[in-house]
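Structure record follows, encoded as structure tokens.
Numbering (mature numbering (1 follows the signal peptide of the UniProt record, and there is no 0)), first residue to last: -20 to -1, 1 to 307.
Right, dumping it as structure tokens:
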């Protein structure tokens, strides 16, 4: 046992029993094997969270810009240093990163790549009615939440406003993943009659979770930090528990700000089509800038065929596309 852990046990007045040590040994071995794998999975999940953020906001004035070009090497520890202000944008990045980390853990768990991570406990799920029952291998949300807290929450030390802000928005990300669990079923019966269904709970794709969090971003609540806790600025019946919260107003994303690492909208381009051209122009107009749409073309591989044996042969086609730029 580690000395610090032994010291805690002795001070608390408890001595470890041989039986307890023996019973916990296999679990500890699995946890030790899983830890280095989980560390990589956490980083991968955080990266996917940022990419999902950039996808969701690519046609917004704030497009999930991060001012640290080395950010992907440091995830998820980057958040405090890269995003020093407790704005609604920072709140969203905390939530989407946490949600994406849980999502990645559960996906790897489903593929049986994490030692000690099994299926969800069917005993703790509400029983179905007569035509279906719990079965299969449901996503182990409890495991995902536990490991995410272990890796993410331990970064948050102190009783300051920023720590409370981070922990709250991390928790909102976790709750959205939990609420995204959907019942999936498989039919059983003669000739597919589906007399009985076996069901399990499975998380929805990350883009669905991201869209739900984007809605929470739009409805985020500005709060105060009073007596070491977050409180609403105005008395209302609205609960804070499931809402993203922020402490500071957002900066002007239209203007370039090198101190905050904001590129501004001047020179910003976005890919356009018949649907998004108006949206792109509207972005420029929002920042009192003019817009210009340019038609360009590029060569792409097309009409690819498998040629025996063993290569893929493609033709080269020309694709036209348009880009709208803020001037």
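Where a beta carbon is used, it is the ideal one built from N, C-alpha and C, also for glycine.
Keep in mind that this is a model prediction, so the values were computed, not measured.
query, result
"Closest Cα partner of residue 169 within the set 177, 162, 208", "177"
"Cβ-based burial, residue 98 [other Cβ within 10 Å; buried from 16]", "exposed"
"Under the three-state DSSP convention, the category residue -12 falls into", "Caution applies to residue -12, whose pLDDT of 24 falls short of 50 and renders its modelled position unreliable; the value that the coordinates give is listed next. Note: residue -12 maps to helix in three-state DSSP."
"Beta-bridge partners of residue 275, as assigned by DSSP", "302"
"Alpha carbon of residue 164 to alpha carbon of residue 256, nearest angstrom", "35 Å"
"Buried versus exposed call for residue 1 [16 or more other C-beta atoms within 10 Å across all chains shown]", "Confidence at residue 1 is low in this model, with a pLDDT of 42, below 50, so the placement of that residue should be treated as unreliable; the coordinate-derived value is given next. Burial call: exposed."
"For residue 196, three-class secondary structure by DSSP", "helix"
"DSSP three-state assignment for residue 76, whether helix, strand or coil", "helix"
"Neighbourhood of residue 136 by C-beta, 7 Å cutoff - its chain only, sequence neighbours within 5 removed", "143, 146, 147"
"For residue 65: DSSP bridge partner residues", "According to DSSP, residue 65 bridges with nothing at all."
"Cα-Cα separation between residue 278 and residue 70, rounded to whole angstroms", "36 Å"
"Proximal residues to residue 123 (C-beta, below 7 Å), its chain only, five neighbours per side dropped", "89, 97"
"Helix, strand or coil at residue 250 [DSSP, three-state]", "strand"
"Cβ distance (whole Å) where residue 260 is taken to contact residue 304 below 8 Å", "4 Å"
"Cβ neighbour criterion (16 or more within 10 Å) applied to residue 15", "exposed"
"Those runs of the alpha helix (DSSP H) which lie wholly inside the stretch 166 to 231 and span at least 4 residues", "186 to 198"
"Same chain, Cβ closer than 7 Å to residue 68, neighbours up to 5 away in sequence not counted", "197, 200, 224, 226, 230"
"At least three beta-carbon pairs within less than 8 Å, the stretch 77 to 85 to the stretch 243 to 252", "no"
"Given residue 296 as reference, the closest of 222, 284, 302 once Cα atoms are compared", "284"
"Nearest candidate by alpha-carbon position, reference residue 18, set 85, 187, 112, 117", "85"
"Local conformation of residue 126 per DSSP, three classes", "helix"
"Same chain, Cβ closer than 7 Å to residue 194, five either side skipped, listed in chain order", "36"
"C-alpha gap between residue 263 and residue 73, whole angstroms", "21 Å"
"7 Å CB neighbourhood of residue 286 in its chain, flanking five on each side removed", "292"
"Residue nearest to residue 282 in terms of C-alpha spacing, selected from 294, 154, 150, 156", "294"
"Buried versus exposed call for residue 314 [16 or more other C-beta atoms within 10 Å across all chains shown]", "This structure gives no information on residue 314, because the portion of the chain shown stretches from -20 to 307."
"With 16 other Cβ atoms within 10 Å as the buried cut-off, status of residue 128", "buried"
"CA-to-CA distance, residue 210 to residue 156, given in whole angstroms", "20 Å"
"Whole-angstrom distance between residue 150 and residue 75, CA atom to CA atom", "5 Å"
"Cβ neighbours of residue 125 in the same chain (closer than 6 Å, five flanking residues each side left out)", "154"
"Cβ-Cβ distance between residue 181 and residue 100 below 8 Å", "yes"
"Per DSSP, the bridge partner or partners of residue 41", "According to DSSP, which records beta bridges pairwise, residue 41 is partnered with nothing at all."
"Cβ-based neighbour list, residue 186, same chain, cut-off 7 Å, excluding 5 preceding and 5 following", "28, 32, 80, 83"
"Enclosing beta strand (DSSP E) for residue 113 [first to last residue]", "112 to 114"
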